[in-house]
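Data first, discussion second: the structure below is written as C-alpha cells.
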Amino acid sequence: MSAQAQTTTPERGLRTDPFLLEAQDLKVTFRAPGGRKLHAVDTISVGVRPGETVGLVGESGSGKSTVARTIMRAYEPEGGHIFFEGKDIAHLNERHLLPIRGKLQMVFQDPYSSLDPRWTIRRVLAEPLVAHNYGTRQKINERVDYLLKVVGLPADSAQRLPSQFSGGQRQRIAVARALALEPKMIIADEPVSSLDVSIQAQIINLLRDLQERLKIGLLIIAHDLALVHQISDRIVVMYLGEEVEEGPADEVVGRPQHPYTVALLSATPVPEPGGDNKRIVLTGDPPSPIYRPSGCRFHPRCPIARDRCKTEKPPLKEIGQARKVACWYAGEMPAPRDLWAMQGKALTAEELAGPDLRS
C-alpha cells in the first residue's frame, strides 16, 4: 500500500494525502511446539491518515489484534515496516520509542483487566502524564479533571476505584487514559466486544465524537462488520493473517467483492421481525495458521471455490478506485443474496457467472 493510495475522509470523499500511520507488508510469526512456525500475520499493509477512521475486520484468529499489538511494538515484526509520521519504528528500542508512545496510544478490549484495581482513577489517568513529564502536580490534576469531562464522567470519579464503575464507564476511563498525552493516533482493539449491546453504541459514539473533534487518526479493530461500518471511512477485511478485501466503508458493506466479506455481513442480525436473515454459515473452523491451506486460504470454506482456488493463491489486486480484493472471481460472483442458496454445492461455470459487481 503506497503512501499515495486513495481512500475516504469522514465526509466519504477520496483522499491522497500521506498516511499518519502505515504498516507495510507486515509479517509476524510465533514459534509453535515442535519448532514449527505459526503465521499470525502474513504481509499485511494498512494505513491511516490524520482524522481518518479505518476498520480492521475479521473473525477470531484472523490476526487483527496481532497487527495492533505489533504496531504498538508489543510484538517484534519478522518482516515489513511500521511508519509513524514518516519514521520507521518497526525495530526501534524502548528508549527511542518513548517519545512516540505519547503520540500513538491504544484502547484495549477488556476494561476490567486493563485498569489496575488498586489504583484510583486519578492515579490511573495521571500515570502516563507523570511518565512523560507532563508538568506540575497541579497541571496533571487539571488534565485529569479535563479528561474525565471529555469522556462524560463526573469529576468525583477521580477518587473512586475501577470496581466502582460499570463496564461502559471503565471503557470510558480507558479512552480517557489513551487521550491523556494528546495523541495523534489511537488504536482501539475490540473496544466494545466485552460490553452489553446497550452500552456498545455509547462507546462507538464517544470514539466517533472524539475523533471528529480532535482530528486524530483511529484504527478500530472488531469482528462485527456492521458495527465497524458505523464509524469507519475505510475497511480492511482479514482472513487467516492475510488481507482479502479493502475499500471505502460504504462500498465494502454495500458491494462486497469477496465471499468471506459477504459471509461476515450475513452474520449481522436483521432488526425487523420477520426480516430476511438468511446467513451464510461457513463450514468448519478457520484453518490452522501453522498448517495453512494451499492456494486461496479461504477455499476450504468458500461456497464458490473452484479447482483453481485450491492450487493458486490469488493476489490482492485493484478492482476499481480505492478497492482491492484477493479473489480469482471478484466481479464474477453471484449476487450476495444468492450465495446463501449455493452453500455446499459444486457450482458449474454457468452458476458461478453472475452480475459484474464492478459495473
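Each residue of the sequence shown is one higher than the one before, counting from -7 in the numbering used here.
The beta-carbon is built from N, C-alpha and C at its ideal position, and this holds for glycine as well.
Please read all numbers here as calculations on a predicted model, not as lab measurements.
Got a sec? Which residues, its chain only, sit under 7 angstroms from residue i by beta carbon, not counting five neighbours each side?
i, result
"residue 147", "137, 140"
"residue 170", "97, 98, 99, 178"
"residue 85", "none"
Could you give the distance in angstroms between the alpha-carbon of residue i and the alpha-carbon of residue j?
i, j, result
"residue 192", "residue 299", "42 angstroms"
"residue 333", "residue 296", "Confidence in residue 333 is poor, its pLDDT being 48 and thus under 50, which makes the residue's placement too unreliable to answer from."
"residue -3", "residue 135", "At residue -3, the pLDDT of 38 sits below 50, so the modelled position is not reliable; the number obtained from the coordinates is stated separately. Taking the straight line from one Cα to the other gives about 37 angstroms."
"residue 277", "residue 173", "41 angstroms"
"residue 114", "residue 247", "46 angstroms"
"residue 340", "residue 252", "Caution is warranted here: a pLDDT of 43 is assigned to residue 340, below 50, making its placement in the model unreliable, and the coordinate value is therefore given only provisionally. Their backbone Cα atoms lie some 20 angstroms apart in a straight line."
"residue 153", "residue 111", "6 angstroms"
"residue 228", "residue 128", "42 angstroms"
"residue 45", "residue 15", "15 angstroms"
"residue 168", "residue 291", "43 angstroms"
"residue 258", "residue 133", "48 angstroms"
"residue 7", "residue 210", "16 angstroms"
"residue 231", "residue 33", "10 angstroms"
"residue 256", "residue 79", "35 angstroms"
"residue 150", "residue 130", "14 angstroms"
"residue 199", "residue 26", "43 angstroms"
"residue 279", "residue 217", "21 angstroms"
"residue 57", "residue 67", "11 angstroms"
"residue 75", "residue 90", "15 angstroms"
"residue 242", "residue 22", "35 angstroms"
"residue 116", "residue 194", "22 angstroms"
"residue 311", "residue 254", "17 angstroms"
"residue 40", "residue 10", "9 angstroms"
"residue 12", "residue 63", "13 angstroms"
"residue 196", "residue 314", "25 angstroms"
"residue 221", "residue 55", "19 angstroms"
"residue 284", "residue 307", "16 angstroms"
"residue 119", "residue 126", "10 angstroms"
"residue 142", "residue 105", "22 angstroms"
"residue 51", "residue 77", "30 angstroms"
"residue 109", "residue 187", "18 angstroms"
Contact defined as beta carbons within less than 8 angstroms: I believe residue i pairs with residue j. What is the distance between those atoms, to the nearest angstrom?
i, j, result
"residue 309", "residue 302", "Residue 309 to residue 302, Cβ: 19 angstroms. No contact."
"residue 70", "residue 20", "6 angstroms"
"residue 145", "residue 161", "7 angstroms"
"residue 282", "residue 30", "5 angstroms"
"residue 92", "residue 59", "Contact doesn't hold; Cβ gap of about 17 angstroms is too wide."
"residue 175", "residue 208", "6 angstroms"
For a quick check, are the C-beta atoms of residue i and residue j less than 8 angstroms apart?
i, j, result
"residue 165", "residue 107", "yes"
"residue 250", "residue 49", "no"
"residue 234", "residue 293", "no"
"residue 185", "residue 101", "yes"
"residue 61", "residue 81", "no"
"residue 53", "residue 18", "no"
"residue 305", "residue 287", "yes"
"residue 47", "residue 212", "yes"
"residue 236", "residue 318", "yes"
Quick one: using the 10 Å Cβ neighbour count with 16 as the cut-off for buried, is residue i buried or exposed?
i, result
"residue 83", "exposed"
"residue 203", "buried"
"residue 201", "exposed"
"residue 155", "exposed"
"residue 321", "buried"
"residue 88", "exposed"
"residue 181", "buried"
"residue 226", "buried"
"residue -1", "With a pLDDT of 37 at residue -1, under the threshold of 50, the modelled position of that residue is not reliable, and the figure given next carries that caveat. So residue -1 ends up on the buried side."
"residue 239", "buried"
"residue 24", "exposed"
"residue 189", "exposed"
"residue 103", "buried"
"residue 224", "buried"
"residue 28", "exposed"
"residue 205", "exposed"
Which residues in the same chain as residue i place their Cβ atom closer than 6 angstroms to its Cβ, once the five residues preceding and following it in sequence are excluded?
i, result
"residue 94", "124, 173"
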